[in-house]
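The structure appears below as structure tokens.
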Amino acid sequence: MAPILFTPTSQLSSESNAAQTLHLLQRCSNMEELRQIHGQMLKTGLLLDAIPASKLLAFCASPNSGSLAYARTVFDRIFRPNTFMWNTMIRGYSNSKEPEEALLLYHHMLYHSVPHNAYTFPFLLKACSSMSASEETQQIHAHIIKMGFGSEIYTTNSLLNVYSKSGDIKSARLLFDQVDQRDTVSWNSMIDGYTKCGEMEMAYEIFNHMPERNIISWTSMISGCVGAGKPKEALNLFHRMQTAGIKLDNVALVSTLQACADLGVLDQGKWIHAYIKKHEIEIDPILGCVLIDMYTKCGDLEEAIEVFRKMEEKGVTVWTAMISGYAIHGRGREALEWFMKMQTAGVEPNQMTFTGILTACSHAGLVHEAKLLFESMERIHGFKPSIEHYGCMVDLLGRAGLLKEAEELIENMPVKPNAAIWGALLNACHIHGNLELGKQIGKILIQVDPGHGGRYIHLASIHAAAGEWNQAARVRRQMKEQGVSKLPGCSVISVNGTAHEFLAGDGSHPQIKEIDHAFKHIVERLREEGYKPKLGDLLLDLEDKDKETAIHHHSEKLAVTFGLISTKPGMTIRIVKNLRVCEDCHTVIKLISKVYAREILMRDRTRFHRFKDGNCTCGDYW
DNA sequence: CTAGGGTTAG
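In the working numbering, the protein residues as written are 818 to 1439.
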């Protein structure tokens, strides 16, 4: 005889009592209350009824105010839980720090032959996704087909999503082509999958062919472009999205703000901030964080502080964004003050906070402070320094001229040095003219990072600086033979809301004639101020005249000149460069700031330079 | 029940 699973509530307690308890459960808001209700249900026997028991479980297993451990103890005492209860537990674990428990529960569920329903697999697959369990995903995929859920759209969409998220775009595509039902969610998962693999063309293909696009389709494309280093395309999509009449939400704004930050287009970023204010969009912790990041990366620290002040929830990431903001501006002392304020406010720094603060020390030459912080990481905060932190320290010591100490740190660190570590040391050798060590490191770097054009250029220019033209040419030949190309220098300047892009030696700008003409005048004027082109370590073995032509067509010079002729006198010129600014350009821009009475704000690969009255905030330390 | 968002060394 089959056991009685659940006793009807009416036999155990009065109807009204049960209804009252259920009502309480419905309104329950925290675990304290829940415990009391649980006790009541135990006493009255209400817990033996499937529906109240399910409600109790669902509350405990919910991620917000529940307690998964409590849910588990309740669950374990339920005699033959039904499918809903199993699903509830699997869902709980899929959102928790121990998603593997979801898989174990599923295993038990199979063992006990509990039937599945349409809610079982989405949760289970989410668990697989968060633990990157690819083998298990395939096994579950097989079960899905066997148990007849192969056409259930939530289930197949979840499968598509796991495959896409894990980078297995082949399996995702196979399934996508197989299923007989697709909706916007299915198409969106494919977009996500292609962008995660860096296949933007395929993502566009999907995007262009899907029958209906919603905000998630657009946002996935935008964030895909940002991830692929195509912020201009991201902004393009953003404008198209608005033309399509899509109502913006926080997530779409976050991705777009990242594009603004990468491009350094303050106007566009400000426009979005104004939109947020106008439409009274709530600045949640993530949106606040990227807003701050956008302002600091576009050179407006004051506005970043303003956003910070107005935020209600100031978590560690928001503080870290501010500290990193000060770092990129070279304002190390203030970064330290914010680091202290943060801890006074009771917020503990995390690994990234340390990356930020150590970078800040590095750009400001605060060697002593950085050493203390680095040492306190493990001793006070309990973090093992990661390779990024070692990278910061090598950079800091190297910049400060403490090459020996930097080398010792690399030798003694417990992790294997990567390209970034050697890169930091090489940079230091370059700055401080340690050509011998530089050549050694340069060779190591090319071995570690043979596909990176910048490494060859760096080594070649060290040879050039030593007057070893043959060696320099040899390195350049080697680069050519490897089929590696140099990343061209690129500067972006935003004028009247349009981003103008200049490449080194590029003649494609519609106003290039005017720009060339204007620059000739500028050079003449600067020569009167004593300017002499610095050609010393230019790696090309050319006549000085030709070298000068090459150096005078650097992208940042084109951009600054364009800025001078296309903006009103006295207006700040804002430029973003993809590589480190060269020494000659740095000198020229300093002089321009004085002679033409312009403030010029330039972000290069590592930091901001604010040129004013013939000086730069980097103090020639970059 | 399924799809999009965070600060990060050179």
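Think of the CB as a built atom: it goes at the ideal place given N, C-alpha and C, for glycine as much as any other residue.
### Message
Using 8 Å as the threshold, is the C-beta distance between Tyr1348 and Thr1434 below it?
### Response
No.
### Message
Check for me: the beta strand (DSSP E) holding Arg1420 runs from which residue to which?
### Response
1417–1420
### Task
Indicate the three-state DSSP secondary structure (helix, strand or coil) for Ser983 in the structure shown.
For Ser983, the secondary structure class from DSSP, reduced to helix, strand or coil, is coil.
### Task
Taking only the alpha-carbon atoms, compute the straight-line gap between Ser1413 and Val1340 and give it to the nearest angstrom.
Strictly speaking, residue 1413 in this sequence is Tyr, with Ser absent from that position. So the two alpha carbons sit approximately 12 Å from each other.
### Task
Consult DSSP for Phe896 and reduce its assignment to one of helix, strand or coil.
coil
### Task
Determine the extent of the alpha helix (DSSP H) in which Ala1121 is found, giving its start and end residues.
1118–1127
### Message
Whole angstroms are fine: how far does the CA of Phe896 sit from the CA of Leu822?
### Response
Its pLDDT being 42, under 50, Leu822 is placed unreliably by the model, and nothing is read from it.
### Message
Can you list, in chain order, the residues of its chain with a C-beta nearer than 7 Å to that of Leu927? Leave out the 5 residues immediately preceding and following it.
### Response
So no residue of the chain qualifies.
### Task
Assign Thr1366 to buried or exposed, taking buried as 16 or more other Cβ atoms, counted over all protein chains shown, within 10 Å of its Cβ.
exposed
### Query
Going along the chain, which residues of its own chain have a beta-carbon closer than 7 Å to the beta-carbon of Lys1303, five neighbours each way excluded?
Contacts found: Gly1270, Ile1274.
### Task
Can you give me the start and stop residues for the alpha helix (DSSP H) that Asp861 sits inside?
The question names Asp, yet the displayed sequence has Thr at residue 861. Segment 848–861, the alpha helix (DSSP H) holding Thr861.
### Message
Measuring straight from C-alpha to C-alpha, what distance separates Gln853 and Phe892?
### Response
17 Å
#### Entry: Contacting residues, own chain, Cβ-Cβ under 7 Å from Gly984 (five flanking each side not counted)
Lys1013, Cys1014
### Cβ neighbour criterion (16 or more within 10 Å) applied to Asn974
Flag for Asn974 reads buried.
### Query
What is the DSSP secondary structure of Arg1148, counted as helix, strand or coil?
In this structure, Arg1148 counts as coil in the three-state DSSP scheme.
### Message
Measuring straight from C-alpha to C-alpha, what distance separates Val1211 and Pro1234?
### Response
Rounded to whole angstroms, Val1211 to Pro1234 spans 11 Å at the Cα level.
### Outcome for Leu1175 when other beta-carbon atoms lying within 10 angstroms are tallied against a minimum of 16
Under this definition Leu1175 is a buried residue.
### Phe1200, DSSP secondary structure in three states
coil
### Query
Going by the CB atoms, is the gap between Cys1402 and Lys1374 shorter than 8 Å?
yes
### Task
With distances taken Cα to Cα, identify the nearest neighbour of Ile1409 among Leu977, Arg1427, Thr1423, Gly1173.
Residue Arg1427 is the option with its Cα nearest to Ile1409.
### Outcome for Val1301 when other beta-carbon atoms lying within 10 angstroms are tallied against a minimum of 16
buried
### Query
Using CA coordinates, which residue listed in Leu1320, Ile1406, Ile1140, Met1128 is at the minimum distance from Lys1114?
Ile1140
### Task
May I ask which residues mark the beginning and end of the alpha helix (DSSP H) holding His1317?
Element bounds for His1317: not the alpha helix (DSSP H) but the beta strand (DSSP E), 1315–1320.
### Message
In whole angstroms, give me the CA-to-CA distance for Val1393 and Leu1418.
### Response
8 Å
#### Entry: Reference Val1232; option with closest CA among Leu1214, His1206, Asn1244, Ala1076
Checked all of Leu1214, His1206, Asn1244, Ala1076; the closest Cα to Val1232 is His1206.
#### Entry: Where Ser1311 sits in the DSSP three-state scheme
strand
### Task
Taking Arg1063 and Ile1032 to be in contact with their CB atoms under 8 Å, please state how far apart those CB atoms are, rounded to whole angstroms.
It is Ile, not Arg, that sits at residue 1063 in the sequence shown. About 5 Å separates the two Cβ atoms, so the contact holds.
### Task
Between the Cα of His1249 and those of Ala1217, Lys1260, Arg1291, spot the shortest distance and give me the residue it belongs to.
Ala1217
### Rounded straight-line distance, which links the Cα of Val1265 to that of Thr1378
Straight through space, the alpha carbons of Val1265 and Thr1378 are spaced by roughly 38 Å.
### Query
Which residues bound the alpha helix (DSSP H) around Ile1248?
1236–1248
### Message
I need the boundaries of the beta strand (DSSP E) containing Phe966, first residue and last residue.
### Response
Counting along the chain, Phe966 falls outside any beta strand (DSSP E), and DSSP gives it neither H nor E.
#### Entry: Start and end residues, alpha helix (DSSP H) containing Lys1013
1001–1013
### Task
For Pro1202, count neighbouring Cβ atoms within 10 angstroms of its own Cβ and tell me buried if that reaches 16, exposed if not.
Note on Pro1202: 16 or more other CB atoms within 10 angstroms of its CB, so buried under the neighbour-count rule.
### Query
Since Ile1390 is in the beta strand (DSSP E), which residue starts that stretch and which ends it?
1390–1394
### Query
For His1317, does the count of other Cβ atoms within 10 angstroms reach 16, so buried, or fall short, so exposed?
Burial state of His1317 is buried, judged by a 10 Å Cβ sphere holding 16 or more other Cβ atoms.
### Task
Along the alpha helix (DSSP H) that carries Lys1256, what are the first and last residues, could you check?
1252–1265
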